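Some notes on the structure that comes next.
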Amino acid sequence: MVPIPQFIGVEIKRREDPALITGRGQYVADIQLENMAFVSIVRSPYGHARLLDIDTTRAETQPDVLLVATSDKLNQWVHRPLQFGKNLGHDYVVKREYLRYPLASEIVRYAGDPVAVVVATDPYKAADAANAIQIDYELLPVVMDPEAALEPGAPLVEKSWDSNIAYRWKREGGDCEGAFGQADNVIELRLSNQRLIPNAMEPRAVTALHEQDPDRFTIWSATQIPHMVRTELVEILGVPKERIRVIAPEVGGGFGAKANIYVEEILLPLLARELGRPLRWVATKTEDFVATVHGRGQIDLVRLAADSSGKVTGIDLKIIVDCGAYFDRVTPYVGPLTAMMSTGVYDIPNARTEVIGVMTHKAPTEPYRGAGRPEAAYLIERAMDHLAHELNLDPVEIRRRNFIPPERFPYKTPTRLTYDSGAYKAALDCALQKLDYLAAREEQAWRKLHGKKPLGIGIACYVEICGFGPWEYGSVRIDPEGKALVLTGTSPQGQGHHTTWAQIVAHILQVPLEDVTVKHGDTQVVPRGTGTFGSRSAPVGGSAVYRNAEVVRDRAIKIAAHLLEAAIEDMTLEGGRFFVRGSPMRTITWQQIGEAVHSDRLPSDLAGSLSSDEDFKPEDETYPFGAHICVLEIDPETGQLQILRYVSVDDCGRVINPLIVRGQIHGGAAQGISQALYEGAVYDENGNLLTGSLVNYTVPRADQIPSFESYRTETPSPLNPLGAKGIGEAATIGSTPAVVNAAVDALWHLGVRQLDMPLTPESIWRAIQAGRSAAVDRGDDL
Ligand code: MCN
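Per the numbering used here, the very first residue in the sequence shown carries number 267; after that it's consecutive.
Next comes the structure, spelled out in structure tokens:
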């Protein structure tokens, strides 16, 4: 009996890693082209200023400088500027459309705004010449704080608008007014979800090649969305799609920040055409800090209404989103995503949500791992814990009383989403059992009794929306040797699609993994695609690959039946061989199928190529979920916090590769914990980014992140053939509130009610002092 290869659900090491860890990966900066020149970009050092004079003469006369350009020249070369904020839906009660030219003219609006470009024969000469450009700025007042930006008379970021409101979005379901009117308990929290700076290992980078006759571009970009970049460039460069090839080679991390269309992706091809030379730009680390989009940046004002048993009956939410100085690709969508997901895993029938997007003189904000859902999980999970503490209920108990029960799926939220499937209590129970929750609570009580360092136990149950459509391309083709070639419209930056897509195809075709080649990230090779973001690739891109592999297998069975002169119903495929049931000696291999298809031996309905490339169009999004528990201790004398255990149970439906999924959970949790403890973008009141390098922006080392105890439950999605939900962002979403809940849990008895992230020792120490004096004022017994 030939063993049947099983690949879906199996731990397989990533096929892409040997090349990457031995330095054989080809990133944008590795692309070598003859006669290449290099671009350096001059950026505003100020948050808000008028450009009075730009003197480029010193730069132009430097050796080996090929070109210096400012907005007056360069902005004329585009057929249209970037246009964002188009077609906002009807929940947007204030909508703005936004135009952005590649270089700032007249006014700069954030420190990092590109003002001029220099091209030279080597990158250092380009940088030197950029430094020689003299710019006279007239400083203008800045507005850095989003709430201050809403005040009448605040400096306007976009001077053609009547306020700094970039958008206003509202959605309501049920009877929120009634719920709050009848509530036994109402709690209110003001939460800050601080601005974060994405830190991919590879900075952003673009290389562009222009060929004349006809006008044709090849653009290599460290992007998550090569096809969308091409679509946008068609109109901006004024060249048909067939003459723009965008390639995302190896991309060293993106975390959402490379799912944008950036001005450098416009500048480089324009300059390459002007100069007739290929060009490269690689962001310096400092540039990446100021001029790549930032993430988060929300203030959440949340109120919960509950009855006397702790059953939550309503949520009232106002979100202020710091959009920064420009709209980028999806800036106005992130805040509404938070509002839509704000009821979390709970059956809260009444919700009123409002989101106000505000412009400030900072880098634009865009999706960053989780994109709106970490903020949602943070606000609802912090609020549930707060309510539990106020009602003197165990945080586990309050969650159990409010979970959406399994029999209610598909479940409609009051914010008009439909959760596909879920088993929230089961995930929490599993985490509690793995942790030994009761023992942890006993230790907490013992420590309190004996005056030891307080122990905190933080629980966060999350659900997230992922698997965004509207479609994804996938194709499977059998070559004359019987091997499979897979093309995918997803474009990974470390998520391992080479491995998991090959697993799907090998599983269905019953072939060795080595017989499956996966290609992505090149618009000339892959005709269309949407891209990799929003943890959409497995549920949407993986499903496209899955469906097409099935079509190819079924056609191959017909071909085998023809070659063996057997009825199709009698055919079977096992161990990579086709045979007639009961006659295992007469077999056809994939190689024979490949040969036959490419010969003239088959009738016309079976001849030709053996391939399938139907897009997969999901009918709705899918909703992964899980439960994270953090146990930590805090030294009240110093504010030092140490995580002692970290247990997570994540459910992303059917799993393709448990090893990759675990890696995604570890990476995601590290980022979420890092938001809770270490990271935060800080601008001063003049618009300077104070945390503009790794010296003052903490990206944690391995020893600053705990060991993870990660487990899974598997609740398949009914919405795709794989049953898969995404996992790329899940643990980022669950981890941040787990850590902050744990820290507040540790210090509640000291009068601490809320801690703002990042939880630095100083901020914890100050909160303890403030909590103590507030408790003394109240006459509490500490
Ligand atoms: N997977 C699986 N079984 C599932 C779900 C996923 O085996 N049920 C596998 C997939 O096949 C894929 C990986 O897990 O190999 C992640 O899949 P998915 O959750 O669909 O996420 P995407 O591939 O769409 O990746 C996007 C997601 C996002 S939005 C961010 S941000 C993020 C992340 O992935 N950025 C990352 N993970 C990252 N990992 C790395 N190394 N670098 C980044 O920049």
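Glycine residues also receive a C-beta, built at the ideal position from the N, C-alpha and C atoms. Because the structure is a prediction, the values reported are computed rather than measured.
- R280 sits close to T765, with the two beta carbons spaced by under 8 Å.
- Annotated three-state conformation of Y293 is coil, per DSSP.
- Inter-segment contact for the segment 423 to 435 and the segment 356 to 371 is present: three or more beta-carbon pairs are separated by less than 8 Å.
- Selection G1037, E887, G934 evaluated against P676 yields E887 as nearest (Cα-Cα).
- Secondary structure note for M851: its beta strand (DSSP E) is the uninterrupted segment 849 to 855.
- Closer than 7 Å to some heavy atom of the ligand MCN: that describes the Cβ of S801.
- Counting along the chain, K584 sits inside no alpha helix (DSSP H); it lies in the beta strand (DSSP E) bounded by residues 578 to 590.
- The segment 921 to 933 makes no contact with the segment 348 to 357: fewer than 3 CB pairs, one atom from each, lie closer than 8 Å.
- Cβ contact annotation for D481 (same chain, cutoff 7 Å, sequence separation greater than five): V505, R509, in chain order.
- For I895, the enclosing beta strand (DSSP E) covers residues 891 to 900.
- Shortest Cα-Cα distance from E413 to any of L775, I585, A862, R666 involves I585.
- Between G733 and I491, the gap from beta carbon to beta carbon reaches 8 Å or more.
- By the neighbour-count criterion, in which a residue is buried when 16 or more other Cβ atoms sit within 10 angstroms of its Cβ, Y390 is exposed.
- DSSP assignment within the segment 712 to 752 yields the following whole beta strand (DSSP E) runs of 3 residues or more, N-terminal first: 721 to 729, 740 to 744.
- Judged by their CB atoms, T1002 and P640 are nearer to each other than the 8 Å cut-off.
- Between the alpha carbons of L365 and L405 lies a gap of roughly 23 Å.
- A Cβ-Cβ distance of about 7 Å is found for the pair N451 and L653, placing them in contact under the 8 Å criterion.
- Residues of the same chain with a CB within less than 8 Å of the CB of L876, apart from the 5 flanking positions on each side, are R743, I744, V818, R821, A822, I825, I859, G860, V863 in chain order.
- No residue range can be given for D594, since it is assigned to no alpha helix (DSSP H) and is classified by DSSP as neither H nor E.
- Under DSSP, Y612 forms a beta bridge with F669.
- Between A471 and A395, the C-beta gap is not smaller than 8 Å, which leaves the two residues out of contact.
- In this structure, the straight-line span from the alpha carbon of E540 to that of R920 is close to 51 Å.
- In the structure shown, the three-state DSSP call for I622 is strand.
- Residue range 400 to 405 is occupied by the beta strand (DSSP E) that includes D402.
- Of the heavy atoms belonging to the ligand MCN, at least one sits nearer than 7 Å to the Cβ of I993.
- Counted as a single uninterrupted DSSP element, the beta strand (DSSP E) harbouring A335 occupies residues 331 to 336.
- Bounds of any beta strand (DSSP E) do not take in I770; it lies within the alpha helix (DSSP H) bounded by 763 to 775.
- Set against 7 Å, the gap from the CB of H560 to the closest heavy atom of the ligand MCN is not smaller.
- In this structure, N923 has its beta carbon less than 7 Å from a heavy atom of the ligand MCN.
- Following the DSSP letters along the chain, one finds F350 inside the beta strand (DSSP E) bounded by residues 348 to 350.
- G688 is the residue among G688, I999, D594, F669 whose C-alpha sits nearest the C-alpha of Y889.
- Rounded to the nearest angstrom, the gap between the Cα atoms of P284 and E468 is 18 Å.
- Less than 8 Å separates the beta-carbon of E282 from that of G762.
- For L318, the secondary structure class from DSSP, reduced to helix, strand or coil, is strand.
- In this structure, the alpha-carbon of Q769 lies about 21 Å from that of V517.
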